[in-house]
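Numbering (full-length UniProt numbering), first residue to last: 1 to 89.
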(Lines of atoms letter the chains of each structure in order from A; the text may use other names.)
(Lines give C-alpha, C1' and ligand atoms only; values in the text may rest on other atoms or scores of the structure.)
Protein backbone atom coordinates (compact mmCIF):
# COMPACT_ATOMS: atom_id res chain seq x y z
CA UNK A 1 0.00 0.00 0.00
CA UNK A 2 1.48 3.34 -0.99
CA UNK A 3 1.06 6.52 1.00
CA UNK A 4 -0.48 9.55 -0.68
CA UNK A 5 1.46 12.79 -0.53
CA UNK A 6 -0.15 16.20 -0.44
CA UNK A 7 0.88 19.61 -1.63
CA UNK A 8 -0.56 22.15 0.80
CA UNK A 9 -0.67 25.87 1.51
CA UNK A 10 -1.02 27.49 4.91
CA UNK A 11 -2.11 31.10 5.40
CA UNK A 12 -0.62 33.13 8.26
CA UNK A 13 -2.47 35.85 10.17
CA UNK A 14 -0.54 38.41 8.09
CA UNK A 15 -1.94 36.83 4.89
CA UNK A 16 1.31 35.18 3.79
CA UNK A 17 1.12 31.79 2.08
CA UNK A 18 3.49 28.98 3.06
CA UNK A 19 3.76 26.00 0.70
CA UNK A 20 4.87 22.50 1.62
CA UNK A 21 4.31 18.77 1.14
CA UNK A 22 3.28 16.11 3.64
CA UNK A 23 1.61 12.73 3.95
CA UNK A 24 -0.76 14.30 6.53
CA UNK A 25 -1.47 18.03 6.07
CA UNK A 26 -3.58 18.26 9.26
CA UNK A 27 -0.75 16.83 11.36
CA UNK A 28 1.71 19.10 9.61
CA UNK A 29 -0.47 22.12 10.39
CA UNK A 30 -0.44 21.13 14.07
CA UNK A 31 3.36 20.90 13.91
CA UNK A 32 3.57 24.34 12.32
CA UNK A 33 1.27 25.73 15.03
CA UNK A 34 3.55 24.35 17.74
CA UNK A 35 1.06 21.76 19.02
CA UNK A 36 3.41 18.98 17.90
CA UNK A 37 7.19 18.90 17.48
CA UNK A 38 8.61 19.53 14.02
CA UNK A 39 7.11 22.69 12.57
CA UNK A 40 8.92 24.87 10.02
CA UNK A 41 11.10 27.70 11.32
CA UNK A 42 9.57 30.01 8.72
CA UNK A 43 6.20 29.78 10.51
CA UNK A 44 7.36 30.29 14.10
CA UNK A 45 5.76 33.33 15.66
CA UNK A 46 3.40 33.85 12.71
CA UNK A 47 0.28 33.50 14.87
CA UNK A 48 -2.84 31.67 13.81
CA UNK A 49 -2.37 29.43 10.78
CA UNK A 50 -5.05 28.14 8.44
CA UNK A 51 -4.79 25.26 5.98
CA UNK A 52 -6.25 26.79 2.81
CA UNK A 53 -5.23 24.35 0.06
CA UNK A 54 -4.30 20.71 -0.38
CA UNK A 55 -3.84 18.53 -3.44
CA UNK A 56 -3.11 14.79 -3.36
CA UNK A 57 -0.31 13.10 -5.31
CA UNK A 58 0.56 9.45 -5.76
CA UNK A 59 4.16 9.81 -4.57
CA UNK A 60 6.66 12.17 -2.99
CA UNK A 61 8.47 12.91 -6.25
CA UNK A 62 5.26 14.16 -7.89
CA UNK A 63 4.36 16.25 -4.85
CA UNK A 64 7.87 17.75 -4.71
CA UNK A 65 7.76 18.67 -8.39
CA UNK A 66 4.36 20.33 -7.95
CA UNK A 67 5.64 22.15 -4.84
CA UNK A 68 8.53 23.61 -6.81
CA UNK A 69 6.21 24.71 -9.61
CA UNK A 70 3.74 26.28 -7.17
CA UNK A 71 6.51 28.18 -5.40
CA UNK A 72 7.46 29.74 -8.75
CA UNK A 73 4.00 31.31 -9.13
CA UNK A 74 3.17 34.88 -8.16
CA UNK A 75 1.15 35.53 -5.00
CA UNK A 76 -1.79 36.47 -7.24
CA UNK A 77 -1.66 33.11 -9.04
CA UNK A 78 -1.40 31.25 -5.72
CA UNK A 79 -4.42 33.19 -4.40
CA UNK A 80 -6.38 32.22 -7.52
CA UNK A 81 -5.54 28.58 -6.91
CA UNK A 82 -6.64 28.86 -3.27
CA UNK A 83 -9.90 30.56 -4.30
CA UNK A 84 -10.67 27.87 -6.89
CA UNK A 85 -9.92 25.12 -4.36
CA UNK A 86 -12.15 26.67 -1.70
CA UNK A 87 -14.98 27.29 -4.19
CA UNK A 88 -15.01 23.55 -4.89
CA UNK A 89 -15.11 22.54 -1.21
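Glycine is no exception: its CB is placed at the ideal position from the N, C-alpha and C atoms.
*For residue 22, which three-state DSSP category applies?*
strand
*Close beta carbons around residue 87, own chain, < 7 Å, minus the five adjacent residues each side*: none
*asked:* Cutting at 8 Å between CB atoms, please list the residues of its own chain near residue 23, excluding the five before and the five after it.
replied: 3, 4, 5, 6
*Quick one: complete alpha helix (DSSP H) runs, 4+ long, within the UniProt domain "GIY-YIG" (3-80)?*
25-32, 60-71
*Would you call the region 48-61 and the region 7-17 touching, i.e. three or more CB-CB distances under 8 Å?*
Segment contact: the region 48-61 against the region 7-17, three or more CB-CB distances shorter than 8 Å; contact assigned.
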